[in-house]
Amino acid sequence: MMRHLMLAAGCLSPLFFTAPMQQAEARTADSAAASENSQLETRYDVTLMGMQIGVARLNVAVDGNRYKADVWTRLTGLAGVMTDGKGAGSASGSLSGAAVVPASFAVTTASGNRSVSVRMALADGSVRALKVSPPVPNRKDRIALRDGDTRNIVDPVSALLMPVAGKALAGDPAACNRTLPLFDGSARFDIPLSFARAQKINGRAYSGTVAVCSGRYLPISGHVANREDIRFMENNRDIEVWLAPSPDGRLFLPYRIAVRSPIGQVVIEATRFPGGAPKPDLVTPTSATEKRQLRASN
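Numbering follows the numbering used here, in which position 288 of the sequence shown is assigned residue number 300; successive positions increment by one, without gaps.
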């Protein structure tokens, strides 16, 4: 089960399914920020066939053209009891037009008594130093990394940031139309995204227009050849990402990710989004009438 979830999540960011970590202090997000310097916080629920199996949080700090992103996730409910899946990741780098240029990436994931950590240092988007602990096992059927596979790449955390050249309106096709050249420390794969439609939504965390992208998973190297789950994802046409803009329109972030996995559809959907309306249970009544109505409902 965990391998299927991990691979399904890997189509956009392995962290969303392999990195649920212990609770950390949330950074304060200013959802009204619309300047060069901004703090953006997004929270997500993770469901499998409609049942919640995890939660995630993405914090992004942008200072001019520099960014720092942190992801925390953990499995909950029965999935959490069975696997104790948790983890955390971070990345930093710069925004260059419609691209992210990562400079550092780190992730630690744990499930049961097994943990994995990856550390990468990059220059101009190419890996200059890499440490994976424990090391990736040697297998004859693993597709070896080729020269060039660690150049001009994006790490799994930075891949969650979708900048646009200049600024774009909600639902702009430019948010989707790109290929993410991902390298997670062991495997190199592409995620081509293409614009499918603009859609108006009235969700828990965001009301407005989203750009709906269709995605694919294209393994290149570092994976085990002919493995069933790899073949499944390579042939998977049910990968969809909904992107909504940050308050300043410069950066798009995932509002919803839906991936068909071998064990059912996995959905990651925001419960809090930068600039979006707060959840109803977080609204504090201010008037006497509101307070009386709240007491009556209880």
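We put the CB at the ideal spot given by N, CA and C, even for glycine.
Quantities reported herein were computed from a predicted structural model and do not represent experimental measurements.
Taking Cβ positions, are L68 and I280 nearer each other than 8 Å?
Residue 68 sits at position 56 when you count from the first residue of the sequence shown. Residue 280 sits at position 268 when you count from the first residue of the sequence shown. The sequence given here has Ala at residue 68, not Leu. Against a cut-off of 8 Å, the Cβ pair of I280 and A68 comes out as a contact.
DSSP state of L192 mapped onto helix, strand, coil
If you number the sequence shown from 1, residue 192 lands on position 180. Here L192 sits in strand by DSSP.
Under 8 Å between C-beta atoms of L194 and P168
The residue labelled residue 194 in the question sits at position 182 within the sequence shown. The residue labelled residue 168 in the question sits at position 156 within the sequence shown. Yes, these two residues count as a Cβ contact at 8 Å.
Whether A171 touches A180 by CB criterion (8 Å)
Taking the first residue of the sequence shown as 1, we reach residue 171 at position 159. Taking the first residue of the sequence shown as 1, we reach residue 180 at position 168. With respect to the 8 Å criterion, A171 and A180 are not classified as neighbours on the basis of their beta carbons.
Could you tell me whether the Cβ atoms of D324 and A208 are closer together than 8 Å?
Nothing can be reported for residue 324, as the shown portion of the chain is limited to 13 through 310.
Contact check, P274 vs D241, beta carbons under 8 Å
Translated into positions along the sequence shown, residue 274 becomes position 262. Translated into positions along the sequence shown, residue 241 becomes position 229. Yes, they are a contact pair.
Out of curiosity, what's the CA-to-CA distance linking K80 and L134?
Start at 1 with the first residue of the sequence shown, and residue 80 comes out as number 68. Start at 1 with the first residue of the sequence shown, and residue 134 comes out as number 122. Take the alpha-carbon of K80 and the one of L134: they are about 14 Å apart.
Using the Cα positions of G137 and I165, report the straight-line distance between them to the nearest angstrom.
Taking the first residue of the sequence shown as position 1, residue 137 is located at position 125. Taking the first residue of the sequence shown as position 1, residue 165 is located at position 153. C-alpha separation (whole angstroms): 6 Å.
Spatial distance of S104 from V130 (CA atoms):
For the purposes of this step, residue 104 is identified with residue 92 of the sequence shown, where counting begins at 1. For the purposes of this step, residue 130 is identified with residue 118 of the sequence shown, where counting begins at 1. C-alpha separation (whole angstroms): 15 Å.
Minimum C-alpha distance to S127 - residue among P146, P259, A110, R140
Residue numbering aside, residue 127 sits at position 115 when the sequence shown is read from its first letter. When only C-alpha atoms are compared, the closest one is P146.
Since M132 is in the alpha helix (DSSP H), which residue starts that stretch and which ends it?
Taking the first residue of the sequence shown as position 1, residue 132 is located at position 120. Secondary structure note for M132: it is in no alpha helix (DSSP H), and the uninterrupted beta strand (DSSP E) holding it is 126-135.
Please work out which residues of its chain come closer than 6 Å, Cβ to Cβ, to T221, disregarding the five sequence neighbours upstream and downstream, and give them in chain order.
Here residue 221 refers to the residue found at position 209 of the sequence shown. A182, G183, A210, K212.
Out of G261, N247, R262, Y267, point me to the one whose CA is closest to L255's CA.
The residue given as residue 255 occupies position 243 in the sequence shown. With distances taken between Cα atoms, L255 lies closest to Y267.
Could you name the residues that DSSP lists as bridge partners for D57?
Here residue 57 refers to the residue found at position 45 of the sequence shown. DSSP links D57 through a beta bridge to V67, E281.
Using 10 angstroms around the beta-carbon of M132, count the other beta-carbons present and answer buried if the total reaches 16, otherwise exposed.
Sequence index remark: in the sequence shown, residue 132 carries index 120 (1-based). Of the other Cβ atoms in all chains shown, 16 or more fall within 10 Å of the Cβ of M132; this residue is therefore buried.
Cutoff 6 Å; reference G109; Cβ partners in own chain excluding five residues on either side:
Sequence index remark: in the sequence shown, residue 109 carries index 97 (1-based). These residues qualify, in order along the chain: A177.
Should L60 and V236 be called a contact, given that it needs their Cβ atoms to be closer than 8 Å?
The residue you call residue 60 lines up with position 48 of the sequence shown. The residue you call residue 236 lines up with position 224 of the sequence shown. Result no, Cβ atoms of L60 and V236 do not sit closer than 8 Å.
Counted within 10 angstroms of its Cβ, other Cβ atoms place T191 as buried (16 or more) or exposed
What you label residue 191 is simply residue 179 of the sequence shown in a count that begins at 1. By the neighbour-count rule (16 or more Cβ atoms within 10 Å), T191 is not buried but exposed.
Buried or exposed for K98, please, with buried defined as at least 16 other CB atoms from any protein chain shown within 10 angstroms of its CB.
Numbered from 1 along the sequence shown, position 86 holds the residue referred to as residue 98. Buried: at least 16 other Cβ atoms inside 10 Å.
Cutting at 7 Å between CB atoms, please list the residues of its own chain near P239, excluding the five before and the five after it.
Taking the first residue of the sequence shown as position 1, residue 239 is located at position 227. The sequence shown places Arg at residue 239, rather than the Pro named in the question. Excluding sequence neighbours, R239 sits near nothing in its chain.
Residue of D260, S219, F264, G197 minimising C-alpha distance to C225:
Taking the first residue of the sequence shown as 1, we reach residue 225 at position 213. For C225, the nearest C-alpha among the options comes from F264.
In terms of alpha-carbon separation, which member of K143, F244, Y218, I65 lies closest to G288?
Taking the first residue of the sequence shown as 1, we reach residue 288 at position 276. For G288, the nearest C-alpha among the options comes from Y218.
Where does P204 sit, in a helix, a strand or coil, going by DSSP?
Reading the sequence shown from its first residue, position 192 is the one you call residue 204. P204 sits in a strand when the DSSP states are folded into three classes.
For the alpha helix (DSSP H) that I242 lies in, which residues bound it at each end?
As a first step, residue 242 must be located in the sequence shown, where it is residue number 230. Where I242 is concerned, the enclosing alpha helix (DSSP H) starts and stops at 240-246.
With respect to the beta strand (DSSP E) encompassing S198, which residues constitute its N-terminal and C-terminal limits?
On the sequence shown, residue 198 is found 186 positions in, with the first residue counted as 1. It is not in any beta strand (DSSP E) - S198 carries neither H nor E in the DSSP assignment.
Own chain partners of D82 with C-beta closer than 6 Å, once the 5 adjacent residues on each side are dropped
Position 70 of the sequence shown holds residue 82. So the list reads N71, S102, once near-sequence residues are dropped.
By the 10 Å Cβ neighbour count, where 16 or more other Cβ atoms means buried, how is A141 classified, buried or exposed?
Within the sequence shown, residue 141 is the residue found at index 129, counting from 1. Using a 10 angstroms sphere on the CB of A141, the tally of other CB atoms stays under 16, which defines it as exposed.
Nearest to W84 (by Cα), restricted to the options R216, I232, R154, A118
Along the sequence shown, read from residue 1 onward, the residue named residue 84 stands at position 72. Nearest C-alpha to W84: A118.
DSSP puts N214 in a beta bridge; with which residues?
Indexing the sequence shown from 1 puts residue 214 at position 202. Here N214 is bridged, per DSSP, to S219.
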